[in-house]
Amino acid sequence: MAEHPFRAAVEAGDLPAMIEALAPDVSFHSPVTFKPFEGRDAVAVVLGAVVEVFEDFRYTDELAGEGTLALVFEARVGDRQLQGIDLLRFDADGLIDDFTVLVRPLSAALALRDAMGRQLGVAEGRQSQ
């Protein structure tokens with residue numbers, strides 16, 4: 027199976043190519059917010075922040091299904107190691123139209139929440155909205 031363009035873009039650190047893999051009406055479900063981010067422009071801002079926050083990011087596994095792809099990853103946020111999954115669902119054009127990120131353990135998810143809040147300029151109490 028050929029590597030998906032989104033994975034290739036992430037591994038290359040190519041933010042414009044990551045954004046190009048998104049459908050215009052993509053929904054992004056964050057591990058630390060209740061409401062999804064809607065639309066390519068909003069998700070582009072989130073991905074830009076993620077690129078700055080995650081350290082030592084690497085995909086470790088890939089699980090493919092009909093119209094879906096789960097990319098298992100490991101990374102570090104500050105002194106917290108984390109494991110996660112990028113769960114991608116695709117539209118008819120092969121673009122990501124639903125993007126869910128799952129992260130464990132809780133201590134790493136909280137470190138991610140705090141770091142993303144600082145990166146995006148969001149007050150700590152407002153991120154869980």
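Numbering-wise, our numbering puts 95 at position 69 of the sequence shown, and it's gapless, one number per residue. Heads up, the beta-carbon is just placed ideally off N, CA and C, and yes, glycines get one too.
So which of the options has the shortest CA-CA distance to residue i?
i           : options          : result
residue 120 : 50, 42, 37, 58   : 50
residue 101 : 65, 77, 88       : 77
residue 88  : 130, 47, 40, 114 : 114
residue 123 : 65, 129, 110     : 65
residue 117 : 30, 36, 52, 29   : 52
Just the C-alpha distance for residue i and residue j, rounded to the nearest angstrom, thanks.
i           : j           : result
residue 44  : residue 38  : 10 angstroms
residue 63  : residue 54  : 5 angstroms
residue 72  : residue 146 : 8 angstroms
residue 80  : residue 34  : 17 angstroms
residue 85  : residue 112 : 10 angstroms
residue 32  : residue 47  : 6 angstroms
residue 99  : residue 83  : 7 angstroms
residue 92  : residue 141 : 34 angstroms
residue 149 : residue 95  : Any reading at residue 149 must be qualified, since the residue scores a pLDDT of 48, below 50, and its modelled position is unreliable; the value itself is stated next. Rounded to whole angstroms, residue 149 to residue 95 spans 33 angstroms at the Cα level.
residue 131 : residue 139 : 12 angstroms
residue 143 : residue 70  : 15 angstroms
residue 127 : residue 108 : 12 angstroms
residue 68  : residue 105 : 28 angstroms
residue 30  : residue 125 : 14 angstroms
residue 36  : residue 90  : 17 angstroms
My guess is that residue i and residue j are in contact by the Cβ rule of under 8 angstroms, so how many angstroms apart are they, rounded?
i          : j          : result
residue 97 : residue 74 : The pair is not a contact, with the Cβ atoms about 19 angstroms apart (cut-off 8 angstroms).
Report yes or no: do the segment 128-143 and the segment 54-66 share at least 3 C-beta pairs separated by less than 8 angstroms?
-> yes
At what residue ranges does the segment 56-94 contain a whole run of the alpha helix (DSSP H), taking only runs of 4 or more?
-> 66-79
Whole beta strand (DSSP E) runs in the segment 105-132 with 3 or more residues, listed along the chain?
-> 106-116, 122-130
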